[in-house]
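Read through the structure below, which is laid out as structure tokens, and then see the notes.
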Amino acid sequence: MKRIYTDNKSKKITQPKNINFDVKTKGLHLIQIAAKTQSEKQLNGNDDEDLRIELNHQKFPQLTNENRYFDSPAAFSGGTSKGLTKTIYFLVWLDTGPHTLRFIPDIGATLNELNIRQISNSAQLDELTLQVDNQAENGDRRDWITFVLVNTALTSFTPELTLQRRFLDNDDVRVIIDGDTKKKHHNLRQKLWYFVASLIKGESQKKKFTINFSSGLHYLEFWADRTPTLKQIAFSGLIAKIPKTIQEKIIYRANQYDFDPRIMLRLVKRESQFDLQATSHAGAKGLFQLTSITIKEIAKHGLKITDPYDVDQNIEGGFIYFNWLYQRYAGHIKKTLAAWNWGLGHVPVNKPLDWDNLPTETQNLINDVLGDHDF
Numbered sequence: 061m062k063r064i065y066t067d068n069k070s071k072k073i074t075q076p077k078n079i080n081f082d083v084k085t086k087g088l089h090l091i092q093i094a095a096k097t098q099s100e101k102q103l104n105g106n107d108d109e110d111l112r113i114e115l116n117h118q119k120f121p122q123l124t125n126e127n128r129y130f131d132s133p134a135a136f137s138g139g140t141s142k143g144l145t146k147t148i149y150f151l152v153w154l155d156t157g158p159h160t161l162r163f164i165p166d167i168g169a170t171l172n173e174l175n176i177r178q179i180s181n182s183a184q185l186d187e188l189t190l191q192v193d194n195q196a197e198n199g200d201r202r203d204w205i206t207f208v209l210v211n212t213a214l215t216s217f218t219p220e221l222t223l224q225r226r227f228l229d230n231d232d233v234r235v236i237i238d239g240d241t242k243k244k245h246h247n248l249r250q251k252l253w254y255f256v257a258s259l260i261k262g263e264s265q266k267k268k269f270t271i272n273f274s275s276g277l278h279y280l281e282f283w284a285d286r287t288p289t290l291k292q293i294a295f296s297g298l299i300a301k302i303p304k305t306i307q308e309k310i311i312y313r314a315n316q317y318d319f320d321p322r323i324m325l326r327l328v329k330r331e332s333q334f335d336l337q338a339t340s341h342a343g344a345k346g347l348f349q350l351t352s353i354t355i356k357e358i359a360k361h362g363l364k365i366t367d368p369y370d371v372d373q374n375i376e377g378g379f380i381y382f383n384w385l386y387q388r389y390a391g392h393i394k395k396t397l398a399a400w401n402w403g404l405g406h407v408p409v410n411k412p413l414d415w416d417n418l419p420t421e422t423q424n425l426i427n428d429v430l431g432d433h434d435f
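Numbering (this note's numbering), first residue to last: 61 to 435.
Here you go:
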């Protein structure tokens with residue numbers, strides 16, 4: 061696996077924090093996050109610590125309640141982890157370009173480890189085995205590991221674990237698939253614990269779970285009692301959904317930059333009618349109608365466009381330039397669009413937008429892009 065980003069320094073988070081990273085080659089990636097959140101008991105009666113994650117502005121809610129994020133399997137909660145380390149693994153397709161992980165705490169959290177690796181440049185893997193070697197910290201019946209499948213289909217998965225038997229309290233592991241706790245025929249005390257230590261100390265156990273997930277957001281949870289170890293996990297029939305059409309690629313980039321996808325789709329429709337080969341009389345090229353001046357500016361921000369008619373180069377370059385304008389005008393969308401159409405020299409940064417003096421063409425573009433039109 062190709063390493064993209066690593067930070068193993070423990071740090072306390074009490075305010076939202078962004079971690080930015082760049083992907084040079086698009087592909088399937090594994091993002092590993094280990095963190096601790098303290099429980100109400102540890103905080104002497106205060107509320108539990110919680111931490112939730114956003115990836116490129118995508119939130120990860122409970123599957124049963126899309127408005128609950130801190131209680132999601134893709135979040136860290138002191139109430140369920142009981143102050144011990146939990147690890148979340150995101151399996152996600154990432155395109156080339158900038159990406160952002162946002163950590164949003166409630167009260168606080170301790171981030172212990174962050175690793176981002178590229179697994180494959182293919183969106184479809186018949187078999188994928190991850191060497192995990194994650195041993196749970198000693199504790200009772202708590203949230204331990206979650207695998208988050210982002211826009212991904214999956215046929216089956218097979219975890220391999222090591223559990224120990226003790227005189228009074230054995231290792232046990234619970235398996236929860238999209239909120240459904242898997243059960244085996246143990247005694248009443250163990251009915252919710254799928255993997256249970258036997259008489260053989262250090263026993264290794266593995267089980268294939270056939271699930272046939274369609275593409276979407278899915279959670280595979282492992283809860284631990286005492287100190288089991290997840291040695292590895294194998295996935296079969298893994299298919300990541302990647303943006304293929306022009307519209308899908310624009311929506312994907314818009315979500316990356318936290319722009320309203322409807323605005324960006326309208327802008328491209330207004331500029332080129334989604335015609336990749338569109339060329340204006342002034343020489344503007346492709347979907348976003350990039351000019352030689354904008355291409356030079358885009359190069360200053362890290363992207364050298366070799367072919368403005370290449371769909372990925374044009375879209376990425378268009379978003380880089382639009383984002384640069386948006387930051388230049390402090391998030392003022394009408395100023396951004398005015399400068400996009402009329403030019404920087406006509407739209408001062410520190411003065412209000414003089415609508416009446418805008419060319420009719422610029423006024424029409426702004427109205428079309430910000431209006432309520434179909435695509």
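Virtual Cβ for every residue (Gly too), placed ideally from N, Cα, C.
1. What is the rounded straight-line gap between the Cα of LEU45 and the Cα of ASP428?
2. With DSSP collapsed to three states, give me the class of GLN265.
3. Does DSSP classify ILE365 as helix, strand or coil?
4. Can you tell which of GLU331, HIS341 and ALA399 has the C-alpha that lies nearest to the C-alpha of ASN374?
5. Provide the residue span of the beta strand (DSSP E) that contains ARG234, from first to last.
6. Leaving out five residues before and five after GLN184 in sequence, what residues of the same chain have Cβ atoms less than 6 Å from its Cβ?
7. Taking the alpha-carbon positions, what's the ASP238 to ASN211 distance?
8. Please confirm if the region 171-180 is in contact with the region 86-104, defined as three or more CB-CB distances below 8 Å between the two stretches.
9. Keeping to the same chain, check which residues put their C-beta closer than 8 Å to that of PRO303; ignore five residues upstream and five downstream.
10. May I ask whether a heavy atom of the ligand PLP can be found less than 7 Å away from the beta carbon of ILE113?
11. Please name the residue in ALA134, GLY139, LYS71 and LYS72 whose C-alpha comes closest to that of HIS278.
12. Rounded to a whole number of angstroms, what is the C-alpha to C-alpha distance between GLN75 and ARG162?
13. Tell me whether the region 383-398 and the region 412-428 touch, counting them as touching only if at least three CB pairs, one residue from each stretch, are closer than 8 Å.
14. Given that a residue counts as buried once 16 or more other Cβ atoms are within 10 Å of its Cβ, and exposed if not, what is LYS71?
15. With burial defined as no fewer than 16 other Cβ atoms inside 10 Å of the residue's Cβ, what is the status of THR270: buried or exposed?
16. For GLY157, is the classification buried or exposed, using 16 other Cβ atoms within 10 angstroms of its Cβ as the cut-off for buried?
17. Under 8 Å, do HIS159 and PHE255 count as touching if we go by C-beta distance?
18. Do you know offhand how far GLN292's Cα is from ILE353's?
19. Mind checking ILE355: buried by the 16 CB within 10 Å criterion, or exposed?
20. Just reading off the beta strand (DSSP E) that ASP372 is part of, what are its end residues?
21. Secondary structure at THR215, three-state DSSP: helix, strand or coil?
22. Do you know offhand how far GLY143's Cα is from VAL409's?
23. DSSP three-state call for ASN424: helix, strand or coil?
24. Roughly how far, in whole angstroms, is the beta-carbon of ASN230 from the beta-carbon of LEU223, given that I think they are within contact range, below 8 Å?
Judging by the given coordinates:
1. Any question about residue 45 goes unanswered here, given that the chain covers just 61 to 435.
2. One-based indexing of the sequence shown puts residue 265 at position 205. Note: GLN265 maps to strand in three-state DSSP.
3. Numbered from its first residue, the sequence shown carries residue 365 at position 305. Looking at ILE365 - three-state DSSP - the assignment turns out to be coil, as it is neither helix nor strand.
4. Position 314 of the sequence shown, counted from the start, is the residue given in the question as residue 374. Residue GLU331 is the option with its Cα nearest to ASN374.
5. In the sequence shown, residue 234 corresponds to position 174, counting from 1. ARG234 -> beta strand (DSSP E) spans 232-237.
6. In the sequence shown, counting from the first residue as 1, residue 184 sits at position 124. Within the same chain, GLN184 has close Cβ partners ILE299.
7. Within the sequence shown, numbered from 1, the residue matching residue 238 stands at position 178. Within the sequence shown, numbered from 1, the residue matching residue 211 stands at position 151. If I take the Cα positions, the gap works out to 14 Å.
8. yes
9. Counting from 1 along the sequence shown, the entry for residue 303 is found at position 243. Cβ within range, chain order: ASP155, LYS309, ILE311 and TYR312.
10. In the structure on display, the ligand PLP does not appear, and there are no ligands present to speak of.
11. Numbered from its first residue, the sequence shown carries residue 278 at position 218. Comparing Cα positions, the closest option is ALA134.
12. Taking the first residue of the sequence shown as 1, we reach residue 75 at position 15. Taking the first residue of the sequence shown as 1, we reach residue 162 at position 102. Their Cα atoms are separated by approximately 11 Å.
13. yes
14. Stepping through the sequence shown from its first residue, residue 71 is reached at position 11. It counts as exposed.
15. Against the sequence shown, residue 270 aligns to sequence position 210. By the 10 Å Cβ count, THR270 comes out exposed.
16. What you label residue 157 is simply residue 97 of the sequence shown in a count that begins at 1. Its Cβ being crowded by 16 or more others within 10 Å, GLY157 is buried.
17. If you number the sequence shown from 1, residue 159 lands on position 99. If you number the sequence shown from 1, residue 255 lands on position 195. No. Outside cutoff.
18. Numbered from its first residue, the sequence shown carries residue 292 at position 232. Numbered from its first residue, the sequence shown carries residue 353 at position 293. In a straight line, the C-alpha of GLN292 is about 51 Å away from that of ILE353.
19. Within the sequence shown, residue 355 is the residue found at index 295, counting from 1. Classification of ILE355: buried, given that the 10 Å Cβ count is 16 or more.
20. Your numbering for residue 372 matches position 312 in the sequence shown. Counting along the chain, ASP372 falls outside any beta strand (DSSP E), though it belongs to the alpha helix (DSSP H) covering 371-388.
21. For the purposes of this step, residue 215 is taken as the residue at position 155 of the sequence shown. Note: THR215 maps to strand in three-state DSSP.
22. For the purposes of this step, residue 143 is taken as residue 83 along the sequence shown, with counting starting at 1. For the purposes of this step, residue 409 is taken as residue 349 along the sequence shown, with counting starting at 1. Approximately 49 Å between the Cα atoms of the pair.
23. As a working mapping, residue 424 is identified with position 364 in the sequence shown. ASN424: helix per DSSP, three-state reduction.
24. Mapped onto the sequence shown, residue 230 falls at position 170. Mapped onto the sequence shown, residue 223 falls at position 163. Yes, they are in contact, since the Cβ atoms of ASN230 and LEU223 sit about 7 Å apart, within 8 Å.
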